[in-house]
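Here's the structure, in structure tokens; my notes come after.
There are 2 protein chains.
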Amino acid sequence: MQKGLEKEETEGEKGNYEIKMENKAVVLKMEKGLEEVAEARDGGRKHQFVLKTPKGTRDYNPLQMAVREKVFNTITGCFKRHGAETIDTPVFELKETLTGKYGEDAKLIYDLKDQGGEMLSLRYDLTVPFARYLAMYNITNIKRYQIGKVYRRDNPGLGRYREFYQCDFDIAGKYDNMVPDAECLKIIYEILSELELGDFCIKVNDRRILEGMFDLCGVPKDKFCTICSSVDKMDKLSWSDVKNEIMEKGVSEEVADQIGKYVKMKGGIDLVELLLRDTEMCKSDQIRAGLTDLKELFNYLQIFQVTDKVLCDLSLARGLDYYTGVIYEAVLIQAGTAVAQEKTASTGSVAGGGRYDNLVGKISSKDRQVPCVGVSIGMERIFSIMEAKANSVRTTEVQVMVVSAQKNLLEERLRLTAELWTAGIKAQTEYKRNPKYLNQVQYCVRSGIPLAAILGEQELTDGVVKLCTVVTNEEAEAHGSKSNLIKEAYVSRSDLIKEIRRRTSEA
Amino acid sequence: MQKGLEKEETEGEKGNYEIKMENKAVVLKMEKGLEEVAEARDGGRKHQFVLKTPKGTRDYNPLQMAVREKVFNTITGCFKRHGAETIDTPVFELKETLTGKYGEDAKLIYDLKDQGGEMLSLRYDLTVPFARYLAMYNITNIKRYQIGKVYRRDNPGLGRYREFYQCDFDIAGKYDNMVPDAECLKIIYEILSELELGDFCIKVNDRRILEGMFDLCGVPKDKFCTICSSVDKMDKLSWSDVKNEIMEKGVSEEVADQIGKYVKMKGGIDLVELLLRDTEMCKSDQIRAGLTDLKELFNYLQIFQVTDKVLCDLSLARGLDYYTGVIYEAVLIQAGTAVAQEKTASTGSVAGGGRYDNLVGKISSKDRQVPCVGVSIGMERIFSIMEAKANSVRTTEVQVMVVSAQKNLLEERLRLTAELWTAGIKAQTEYKRNPKYLNQVQYCVRSGIPLAAILGEQELTDGVVKLCTVVTNEEAEAHGSKSNLIKEAYVSRSDLIKEIRRRTSEA
Numbered sequence: 010m011q012k013g014l015e016k017e018e019t020e021g022e023k024g025n026y027e028i029k030m031e032n033k034a035v036v037l038k039m040e041k042g043l044e045e046v047a048e049a050r051d052g053g054r055k056h057q058f059v060l061k062t063p064k065g066t067r068d069y070n071p072l073q074m075a076v077r078e079k080v081f082n083t084i085t086g087c088f089k090r091h092g093a094e095t096i097d098t099p100v101f102e103l104k105e106t107l108t109g110k111y112g113e114d115a116k117l118i119y120d121l122k123d124q125g126g127e128m129l130s131l132r133y134d135l136t137v138p139f140a141r142y143l144a145m146y147n148i149t150n151i152k153r154y155q156i157g158k159v160y161r162r163d164n165p166g167l168g169r170y171r172e173f174y175q176c177d178f179d180i181a182g183k184y185d186n187m188v189p190d191a192e193c194l195k196i197i198y199e200i201l202s203e204l205e206l207g208d209f210c211i212k213v214n215d216r217r218i219l220e221g222m223f224d225l226c227g228v229p230k231d232k233f234c235t236i237c238s239s240v241d242k243m244d245k246l247s248w249s250d251v252k253n254e255i256m257e258k259g260v261s262e263e264v265a266d267q268i269g270k271y272v273k274m275k276g277g278i279d280l281v282e283l284l285l286r287d288t289e290m291c292k293s294d295q296i297r298a299g300l301t302d303l304k305e306l307f308n309y310l311q312i313f314q315v316t317d318k319v320l321c322d323l324s325l326a327r328g329l330d331y332y333t334g335v336i337y338e339a340v341l342i343q344a345g346t347a348v349a350q351e352k353t354a355s356t357g358s359v360a361g362g363g364r365y366d367n368l369v370g371k372i373s374s375k376d377r378q379v380p381c382v383g384v385s386i387g388m389e390r391i392f393s394i395m396e397a398k399a400n401s402v403r404t405t406e407v408q409v410m411v412v413s414a415q416k417n418l419l420e421e422r423l424r425l426t427a428e429l430w431t432a433g434i435k436a437q438t439e440y441k442r443n444p445k446y447l448n449q450v451q452y453c454v455r456s457g458i459p460l461a462a463i464l465g466e467q468e469l470t471d472g473v474v475k476l477c478t479v480v481t482n483e484e485a486e487a488h489g490s491k492s493n494l495i496k497e498a499y500v501s502r503s504d505l506i507k508e509i510r511r512r513t514s515e516a
Numbered sequence: 010m011q012k013g014l015e016k017e018e019t020e021g022e023k024g025n026y027e028i029k030m031e032n033k034a035v036v037l038k039m040e041k042g043l044e045e046v047a048e049a050r051d052g053g054r055k056h057q058f059v060l061k062t063p064k065g066t067r068d069y070n071p072l073q074m075a076v077r078e079k080v081f082n083t084i085t086g087c088f089k090r091h092g093a094e095t096i097d098t099p100v101f102e103l104k105e106t107l108t109g110k111y112g113e114d115a116k117l118i119y120d121l122k123d124q125g126g127e128m129l130s131l132r133y134d135l136t137v138p139f140a141r142y143l144a145m146y147n148i149t150n151i152k153r154y155q156i157g158k159v160y161r162r163d164n165p166g167l168g169r170y171r172e173f174y175q176c177d178f179d180i181a182g183k184y185d186n187m188v189p190d191a192e193c194l195k196i197i198y199e200i201l202s203e204l205e206l207g208d209f210c211i212k213v214n215d216r217r218i219l220e221g222m223f224d225l226c227g228v229p230k231d232k233f234c235t236i237c238s239s240v241d242k243m244d245k246l247s248w249s250d251v252k253n254e255i256m257e258k259g260v261s262e263e264v265a266d267q268i269g270k271y272v273k274m275k276g277g278i279d280l281v282e283l284l285l286r287d288t289e290m291c292k293s294d295q296i297r298a299g300l301t302d303l304k305e306l307f308n309y310l311q312i313f314q315v316t317d318k319v320l321c322d323l324s325l326a327r328g329l330d331y332y333t334g335v336i337y338e339a340v341l342i343q344a345g346t347a348v349a350q351e352k353t354a355s356t357g358s359v360a361g362g363g364r365y366d367n368l369v370g371k372i373s374s375k376d377r378q379v380p381c382v383g384v385s386i387g388m389e390r391i392f393s394i395m396e397a398k399a400n401s402v403r404t405t406e407v408q409v410m411v412v413s414a415q416k417n418l419l420e421e422r423l424r425l426t427a428e429l430w431t432a433g434i435k436a437q438t439e440y441k442r443n444p445k446y447l448n449q450v451q452y453c454v455r456s457g458i459p460l461a462a463i464l465g466e467q468e469l470t471d472g473v474v475k476l477c478t479v480v481t482n483e484e485a486e487a488h489g490s491k492s493n494l495i496k497e498a499y500v501s502r503s504d505l506i507k508e509i510r511r512r513t514s515e516a
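In order, the protein sequences belong to chains A and B.
Residues 10 to 516 in this note's numbering are what the first sequence lists, from first letter to last.
Residues 10 to 516 in this note's numbering are what the second sequence lists, from first letter to last.
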């Protein structure tokens with residue numbers, strides 16, 4: 010019988026039930042990168058062009074959106090649990106607002122065409138717009154999150170996009186040392202745990218330790234940012250590659266080797282305490298200040314019970330210019346690799362952030378300082394991991410399909426569907442006048458709609474609806490049923506809403 | 010005592026509790042359009058620039074975001090109730106994808122600067138990207154919604170922005186005539202009712218009726234779109250202004266007067282039936298087709314019980330080129346103005362849409378037609394109405410503030426707060442080592458945090474927490490209490506979570 014059904018579907022009329030199939034087609038096409046040729050009329054002349062999204066961007070189909078919504082709900086749930094407010098800023102800023110904030114990366118900023126008026130650029134991250142917001146409205150204290158797309162004209166590749174989401178959580182304001190910083194790490198810990206992405210490690214360092222270290226090694230001050238951005242590649246490149254890059258930037262081999270000695274250090278609170286006893290390092294005020302703060306940070310992290318995933322890693326540098334104190338980055342660990350001491354076989358960074366105490370002052374006219382610390386969650390990598398794990402994600406939340414058993418019942422189906430909508434029940438019916446009964450049932454099975462409300466002439470005469478629970482073929486078999494509809498019951502129209510609520514809350 | 014408190018706050022240390030005040034400052038600044046001068050470093054040279062968002066764009070502060078989230082939840086709730094899936098597309102498209110779709114409005118499209126590579130434009134609406142999506146993945150059936158910002162280089166003004174949200178709901182696919190169209194109107198009806206924006210009216214017309222009418226009046230076919238876009242202004246301009254605009258477009262006064270006669274017609278299903286009996290009008294196949302469809306539409310609208318707000322209005326034209334059949338627009342009615350027949354004193358359109366059966370075919374290489382009908386909700390006007398009505402909207406969802414009664418309890422407060430987070434309770438504590446007790450309580454009152462969990466030396470020794478319900482001054486007075494904390498109870502640490510859940514579900 011199931012065989013017959015499938016045949017009828019493929020040959021039968023085309024209806025709603027095709028949507029699922031097309032989701033798969035979309036994924037396939039997205040994966041294969043197939044391109045369609047389209048036509049456009051330009052001043053009357055027809056010309057062909059490739060039908061695609063711009064380089065480095067993507068569409069999200071309903072299946073991908075369902076995963077995305079789940080991820081966003083987990084993340085915003087965490088931000089809200091921590092009492093954060095949320096703000097939004099425009100997708101573009103005055104070009105000048107972004108100028109001088111991103112160092113070497115500024116070349117990756119998208120500019121808008123000069124069509125008269127202001128010079129505009131698409132935002133590169135959510136941090137500079139946040140600092141602009143604080144400066145513009147003279148805000149001195151806020152704990153806020155923001156979710157939005159940011160834009161970088163980078164080389165797109167495996168899981169890397171030119172348009173991508175960031176979820177940022179930042180705490181602005183003068184508070185007791187390291188308390189907001191510890192909360193940012195706690196946030197990363199909670200989100201990565203809740204998303205069940207597998208084991209992870211949060212690397213911690215401090216910009217002042219790096220600065221002091223480079224200073225001790227003999228790196229000139231004006232090369233600090235550029236050497237940071239080379240050292241930051243140590244999770245992707247081997248040390249010898251990084252060393253070459255550093256030397257190309259005009260640092261001698263001896264100095265580079267000295268840097269190499271330091272940046273290989275990794276450990277927990279024990280490493281921090283060890284280094285605090287190192288008289289050589291502690292000659293540097295900056296290193297001492299950074300280490301003292303890290304020790305205090307670990308104290309709060311112990312209270313928050315997250316130290317099992319935190320690793321002090323002196324090679325962590327972070328690419329962006331604006332960090333001034335503690336910095337951190339979370340990486341996912343492939344199964345079977347130990348976290349501490351060993352080289353971590355990471356699948357890449359999924360969150361990062363740090364303290365940036367000078368950015369608001371740099372933007373504000375009054376050189377008013379607003380110390381900030383924050384974290385940014387890298388969504389694209391998380392989406393793709395979650396997508397790969399998602400098996401039977403539904404793309405709608407429909408609870409009841411209103412099905413007709415006979416012809417010419419479209420209006421009656423619409424009437425019942427509208428009654429369900431009014432009661433707040435998520436309901437759907439086939440738009441066609443005379444859809445095939447089995448097609449309607451199969452649509453429920455494929456879409457995971459849990460209930461079918463069946464109308465026929467007799468039901469209408471009797472003022473009842475035949476309410477059924479929809480099950481998969483496997484479940485039907487286990488239930489000893491040959492049909493995908495079980496627990497059939499005639500329910501009076503007046504009791505229907507109550508009965509639907511009862512059955513859906515049961516599931 | 011309250012007086013003393015206020016004094017202490019203004020003089021006391023600055024903490025979290027300032028956030029609310031700053032929200033107000035943000036609103037004030039947004040309203041006044043105050044501008045700050047900022048500094049930027051450009052190649053080492055420092056120069057000043059105005060600290061602002063780009064022309065026609067806005068920031069959303071936490072209060073505005075709380076309102077926005079509420080509106081979005083209502084709208085997506087409705088879309089989901091109707092079984093819609095959701096998709097997302099990039100904020101920019103290939104320039105060619107948008108070319109030739111918007112008629113006269115194309116000049117308002119934002120282009121990106123040519124930085125090498127593809128020529129890109131910011132999306133002007135969500136409809137053309139949706140049609141591109143359908144064409145690109147060969148999708149023939151989908152009911153989807155999409156929420157996103159769109160961009161128009163229009164003159165910004167009262168409630169009009171260059172970056173603004175659209176919430177679109179569209180049904181693509183070949184279905185029984187007028188059923189999806191009726192569902193779009195039902196969606197508008199449900200959303201506007203649920204948002205409680207006041208009385209509203211949904212005007213309906215059909216592009217074929219307009220085309221047939223203009224034809225009967227003697228308007229040349231190539232002037233159809235441009236005359237539509239003039240007639241579409243009849244809700245903002247007087248007929249004589251519209252008439253002048255039409256004549257400036259090269260139409261004689263006699264023809265313009267003829268148009269004027271038709272476009273003043275308004276009414277319910279009775280008007281449609283009346284016109285269907287008008288032999289003069291029904292000579293036009295197009296008018297007859299449009300009217301017949303409207304009659305069928307009204308039939309389904311009666312089943313959906315929404316005809317009380319629907320008005321057939323022959324002046325409704327809609328600006329965009331791509332509509333091919335039924336079109337509609339919802340306007341809010343100011344109190345005391347009758348809907349039917351009279352000129353409606355509307356505060357402007359809040360939703361609009363229609364049928365566009367040729368757009369996908371125009372984009373697709375294969376001239377494959379995918380009939381579509383949809384609705385777009387205009388968010389900005391809805392936001393500002395909801396904002397004006399929002400009194401005591403909270404910007405966070407914090408359930409418990411962990412308060413210390415004595416000094417040096419920061420770590421104990423952090424420990425308890427982390428325990429609450431682990432239990433999924435939204436909790437917060439002051440980041441300062443030694444915040445003033447009354448400041449912490451006042452922060453709860455201002456932020457609407459319903460519970461305070463108070464820790465002191467004695468509570469720690471006894472293994473308990475003093476749990477209190479936070480009330481406003483008015484509520485305290487009504488309760489015969491001089492304090493903002495009532496229902497004080499010592500709860501053991503092991504019972505705390507349960508007790509917090511009990512109290513918060515009570516409220």
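By construction, the Cβ of each residue, glycine as well, lies at the ideal position given by its N, Cα and C atoms.
Remember, it's a predicted structure, so these values are computed and weren't measured experimentally.
Between residue i and residue j, how many whole angstroms is the CB-CB distance? I'm expecting something under 8 Å.
i, j, result
"B:K212", "B:Y337", "6 Å"
"A:V480", "A:A461", "Their Cβ separation, rounded to whole angstroms, is 11 Å, which puts A:V480 and A:A461 out of contact at 8 Å."
"B:G472", "B:S501", "6 Å"
"A:I495", "A:A485", "7 Å"
Along chain B, which residues have their Cβ under 7 Å away from the Cβ of residue i?
i, result
"A:F101", "P63"
"A:G126", "K64"
Among the options, which has the Cα closest to the Cα of residue i?
i, options, result
"B:N5", "B:V411, B:L201 and B:C381", "Outside the displayed range of chain B (10 to 516) lies residue 5 of chain B, so it cannot be described from this structure."
"A:L204", "A:V369, A:L103, A:A360 and A:P444", "A:A360"
"B:G259", "B:G276, B:P229 and B:V272", "B:P229"
"B:E497", "B:E486, B:R512 and B:S503", "B:R512"
"A:N308", "B:T83, B:I434, B:K104 and B:L423", "B:L423"
"A:R132", "A:Q155, A:N448, A:Y160 and A:Y111", "A:Y160"
"B:K116", "B:S130, B:K245 and B:Y69", "B:S130"
"A:R364", "A:A181, A:T95, A:G109 and A:D120", "A:A181"
"B:P99", "A:S373, A:Y170 and A:S293", "A:Y170"
Quick one: which chain B residues come within Cβ less than 8 Å of residue i?
i, result
"A:P459", "Within 8 Å Cβ-Cβ: nothing; A:P459 doesn't reach chain B, min ~13 Å."
"A:A427", "K195, I312, F313 and Q314"
Please compile the residues from chain A whose C-beta is within a distance smaller than 8 Å of the C-beta of residue i.
i, result
"B:W430", "R90, H91, K195 and E199"
"B:G334", "Correct list: empty, because the minimum Cβ distance to chain A is about 16 Å."
List, in chain order, every chain A residue whose beta-carbon is nearer than 7 Å to that of residue i.
i, result
"B:N70", "I96"
Under 9 Å Cβ-Cβ, which residues of chain B neighbour residue i?
i, result
"A:M388", "None at all; the shortest Cβ gap to chain B is about 12 Å."
- prompt: What residue ranges within the stretch 125 to 184 of chain A form continuous beta strand (DSSP E) runs of no fewer than 3 residues, ordered along the chain?
  reply: 129 to 131, 151 to 160 and 172 to 181
- prompt: At which residue ranges does the stretch 316 to 381 of chain B contain complete alpha helix (DSSP H) runs of 4 or more residues, listed in the order of the chain?
  reply: 368 to 372
- prompt: Closer than 8 Å, Cβ to any Cβ of chain B: which residues of the stretch 311 to 330 of chain A, in chain order?
  reply: I312, F313 and Q314
task: Taking only beta carbons into account, state which residues of the stretch 142 to 157 of chain A come closer than 8 Å to chain B, listed in chain order.
output: Y142, A144, M145, Y146, N147, I148, T149, N150, I151, K152 and R153
message: What are the residues in the stretch 355 to 378 of chain B lying within 7 Å of chain A by C-beta distance?
response: I372, S373 and S374
- request: Could you please tell me which residues of the stretch 288 to 308 of chain A, in chain order, have their CB closer than 9 Å to any CB of chain B?
  value: N308
query: Taking only runs of the alpha helix (DSSP H) that begin and end inside the stretch 471 to 506 of chain B, which ones reach a length of at least 4 residues, in chain order?
result: With a minimum length of 4 residues, the continuous alpha helix (DSSP H) runs that stay inside the stretch 471 to 506 of chain B are 482 to 487.
- prompt: For the stretch 432 to 445 of chain B, which residues have a beta carbon sitting closer than 8 Å to at least one beta carbon of chain A?
  reply: G433, I434, K435, A436, Q437, Y440, K441 and R442
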